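Everything below concerns the one structure shown next.
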Amino acid sequence: MGRTRSRDTEHPQARLDHGGIAGVMPSEFTTGFELIVDGTPQSHVDLDDPTHLHFEYIVRMGAVIDQLAAGPLTAVHLGAGAMTIPRYIEATRPGSRQQVIELEAPLAQLVREHLPLPKGASIRIRIGDARAGVTKLPNALRTNCDLVVSDVYSGAQTPAHLTSVEFYRELAELLAPGGVLLVNVADGPGLAFARRQTATIAEVLPEVAVLADTQVLKGRRFGNLVIAASAAPLPTEWLPRILAAGPHPAKIAQGAEVETFTQGARIVTDADAVASPRPDASLFLR
């Protein structure tokens with residue numbers, strides 16, 4: 063997804079099970095490294111400063127996580143990438159217990175070897191399909207997770223089976239009473255997919271907020287929207303000020319704005335689920 067990069071065989075690479083190539087290389091834009099898959103950036107990691115979040119939508123996820131109750135978190139992450147958010151949580155909330163489900167074993171191994179996780183961090187990586195993997199998590203996690211993050215892409219799209227109301231019900235079963243679900247959704251003008259995803263999540267978890275660049279939220283260009291949802295009121299009192307301040311100014315839609323955003327959008331079910339739209343070259347903004 064995003065800005066296409068030429069492959070550079072001088073940097074560590076791995077062939078993925080789906081046939082693509084993943085590589086790790088120094089960032090061209092800032093400090094740290096990027097995980098590149100099939101020529102496009104998937105994750106950014108700064109090993110010297112795990113709190114340095116570079117991609118815009120990750121900054122927004124971090125802003126929501128910062129609003130959760132103080133102390134270590136119990137978290138489940140679907141889609142590993144370079145494990146930017148698990149590293150961020152470990153850095154800001156030492157002692158957190160985290161489980162990561164990643165489909166591609168070669169990608170996970172590449173990251174482990176060339177972007178090693180912090181020593182002593184309680185981050186377990188499980189290999190397999192995200193939805194199947196959720197059903198295999200320890201029973202002790204059910205109803206005890208402070209945070210569940212769904213950020214899964216196969217190639218450039220979120221697979222259809224990870225977009226339905228049935229899937230989100232499975233994720234909701236992991237959440238503690240005040241736990242928060244974060245979902246990364248990529249969509250283009252009109253936001254038909256994002257509207258349906260927001261409505262579908264709201265069918266399961268009634269407290270919903272949508273965070274995005276203002277132009278993306280208005281449906282004027284392709285980009286990422288972060289959907290935050292919970293069974294309890296979201297801790298979003300300070301978010302508008304934080305998001306407006308940058309470094310990547312954004313807007314948060316809540317309450318009546320979310321109701322307007324989802325008006326007329328049909329709930330997605332396993333029977334009619336489709337993969338997310340293919341992104342254009344502007345997805346990862348700098």
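First residue of the sequence shown? That's 63 in our numbering, and the numbers climb one at a time after it. Heads up, the beta-carbon is just placed ideally off N, CA and C, and yes, glycines get one too. This one's a predicted model, so the numbers in the text were calculated from it and none came from an experiment.
Between E269 and L236, the beta carbon gap of about 16 Å keeps them out of contact (Cβ cut-off 8 Å). Taking a cut-off of 8 Å on C-beta distances, the stretch 132-147 does not touch the stretch 292-306, as fewer than three cross pairs fall below it. Between the alpha carbons of A84 and L78 lies a distance of about 7 Å.
In this structure, the beta-carbon distance from A333 to H223 does not fall below 8 Å. Non-local C-beta neighbours of R155 in its own chain, meaning closer than 7 Å and more than five positions away in sequence, comprise G133, P134, L135, ordered along the chain. In this structure, the beta-carbon distance from A264 to A291 falls below 8 Å. Between the alpha carbons of E319 and A234 lies a gap of roughly 23 Å. In this structure, DSSP gives V330 a state outside helix and strand, which the three-state scheme calls coil. By the 16-neighbour rule on beta-carbons within 10 angstroms, E152 is buried. Sequence-distant Cβ neighbours of F323 in its own chain, meaning closer than 7 Å and more than five residues away, are R257, T260, V272, A315.
By the 16-neighbour rule on beta-carbons within 10 angstroms, G141 is buried. In its chain, beyond the 5 residues on either side, I83, A84, G85, P168, L169, Q171, L172 have a beta carbon closer than 8 Å to the beta carbon of A76. Contact between V210 and L243 holds, with the beta-carbon distance rounding to 5 Å and staying under 8 Å.
Around H116, the same chain offers T92, H106 as residues with beta carbons nearer than 6 Å, after the five sequence neighbours per side are excluded. One thing to note: L203 has its Cβ within 8 Å of the Cβ of Q161. Between A192 and L305, the gap from beta carbon to beta carbon reaches 8 Å or more. D249 has G285 as its beta-bridge partners, per DSSP.
G250 is classed as buried because its beta carbon has at least 16 other beta carbons within 10 Å across all chains shown. For R188, same chain residues with a beta-carbon under 6 Å away, outside a window of 5 residues either side, are I163, G195 in chain order. Pairing A274 with K313 gives a Cβ-Cβ distance under 8 Å.
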